Amino acid sequence: MNLAILDDYQHLALRSADWDRLRRRGVEVSVFHDAFSSEEDAAARLAPFEIVCLMRERTPFPRSLVERLLKLRLVTLTGTRSPSLDANACAERGIPVSHTRGGDTGASTSELAWGLIIAAARDLARAERGMRAGGWHQGVAGGMVLEGRRLGLLGLGKLGARMARVGAAFGMRVGAWSENLTRERAAAAGAELLGKDELFETSDVLSIHLVLGERTRGLVGAAELARMQPGAILVNTSRGPIVDETALLAALKRGRPGRAALDVYDREPLPTDHPLRGMDNVTLSPHLGYVSMDVMRAFYADTVENVEAWLDGKPLRLLNPRAAA
0 MNLAILDDYQ HLALRSADWD RLRRRGVEVS VFHDAFSSEE DAAARLAPFE
50 IVCLMRERTP FPRSLVERLL KLRLVTLTGT RSPSLDANAC AERGIPVSHT
100 RGGDTGASTS ELAWGLIIAA ARDLARAERG MRAGGWHQGV AGGMVLEGRR
150 LGLLGLGKLG ARMARVGAAF GMRVGAWSEN LTRERAAAAG AELLGKDELF
200 ETSDVLSIHL VLGERTRGLV GAAELARMQP GAILVNTSRG PIVDETALLA
250 ALKRGRPGRA ALDVYDREPL PTDHPLRGMD NVTLSPHLGY VSMDVMRAFY
300 ADTVENVEAW LDGKPLRLLN PRAAA
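Read left to right, the sequence shown gives residues 0 to 324 (numbering that gives the first Met the number 0).
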């Protein structure tokens, strides 16, 4: 029995769980540390494997890929859902999809968002690069003090509410908007309900905390970006396609908003020649929002448990229960 752990970019998987429990049962464990270049590449390299362990949405698993993996018998997924995985296609072939518990990704992601906000507000990425090159203050922008500024939250669910609490601790004025947000719910989270246009026009820092779906894809486009202040910072730790990437590139070149801090992108990993990599007014991180050792240990421990349960004929935490019927 061959098992593939996909997209272990940081080489964390093998030290995050006891994979010897599976090896003792005859399972050969292989780890892929790089991203597949295409669906054809994924199909060719995964052809020998009966079990595939997915790290969230890093490798898309559409129907077309599922149908090409003739030996595939089990898929395990870290987290509780993945829009890029076709669980129905797996079910039609009798392939169960087990998921893990969510892990405390809310704390991890919100803390990363604040790291990006502070880095962008004080131009720390450029300052750090300059220091390593032997410089001092050269080229570093004047910083923004957060106290007294407006933090705008696009989305005020669990993550947005975490952001609001920290924003208040910084002495920021917190405003929020989402399609179904009420004044009462906003107030309960310590925020003021604003109209969408007002949120973009008045926020010094605008941070996105929405789930990607049909209603939110491209929600932040050219019109919304044009409303932002020249000194404002746009922060996205949610999903790249919520922001129209072409519009964002154009807006950043015009300096409105003045800066962006991004953890997520339309295509991941971000291509090496992507224009965002060359922009001085953008702070970048490689989708680290949910990545912490505590979360990785929880994800991979559950993954091992899921494979053991399937080997025993009692699959756990199924996304597609009819596959095991």
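Heads up, the beta-carbon is just placed ideally off N, CA and C, and yes, glycines get one too. All of these numbers come straight from a predicted model, not from anything done at the bench.
| query | result |
| --- | --- |
| Segment limits, alpha helix (DSSP H) that includes Val65 | Arg62 to Val65 |
| Those residues which DSSP pairs with Trp176 across a bridge | Leu153 |
| Pairwise C-alpha distance: Gly189 and Ala167 | 8 angstroms |
| Delimiting residues of the alpha helix (DSSP H) encompassing Val303 | Met292 to Leu310 |
| Coarse secondary structure for Thr79, derived from DSSP in three states | coil |
| Contact under 8 angstroms by Cβ, Phe48 with Leu84 | no |
| Identity of the residue in Arg258, His208 and Pro268 nearest His157 by Cα | Checking the displayed sequence, the identity of residue 157 turns out to be Lys instead of His. Nearest C-alpha to Lys157: His208. |
| Buried versus exposed, by CB contacts within 10 Å (16 or more), Asp293 | exposed |
| Per DSSP, the bridge partner or partners of Leu205 | Gly151 and Leu233 |
| Classification of Glu223 by the beta-carbon crowding that lies within 10 angstroms, buried from 16 upward | buried |
| Residues bridged to Ala3 [DSSP beta-bridge criterion] | Ser29 and Val51 |
| The segment 281-291 in contact with the segment 129-138 per 3-pair CB rule at 8 angstroms | no |
| Pair within 8 angstroms by beta-carbon distance, Gly257 and Ala231 | yes |
| Status (buried if at least 16 other CB within 10 Å, exposed otherwise) for Trp18 | buried |
| For Thr104, three-class secondary structure by DSSP | helix |
| Exposed unless 16 or more other CB atoms sit within 10 angstroms - verdict on Glu146 | exposed |
| Host alpha helix (DSSP H) of Arg72 (start-end) | Where Arg72 is concerned, there is no enclosing alpha helix (DSSP H), given that its DSSP letter is neither H nor E. |
| Unbroken beta strand (DSSP E) run spanning Thr282, endpoints | Val281 to Leu283 |
| Alpha-carbon to alpha-carbon, Leu315 and Gly25 | 20 angstroms |
| Proximity below 8 angstroms, CB of Gly78 to CB of Thr99 | yes |
| Ala46 beta carbon less than 8 angstroms from that of Leu13 | no |
| Sequence-distant residues of its chain with Cβ nearer than 7 angstroms to Asp301 (five each side left out) | Thr99 and Arg100 |
| Every unbroken alpha helix (DSSP H) within the segment 117-152, with a cutoff of 4 residues, ordered by chain | 123-131 |
| Whole-angstrom distance between Val74 and Asp279, CA atom to CA atom | 41 angstroms |
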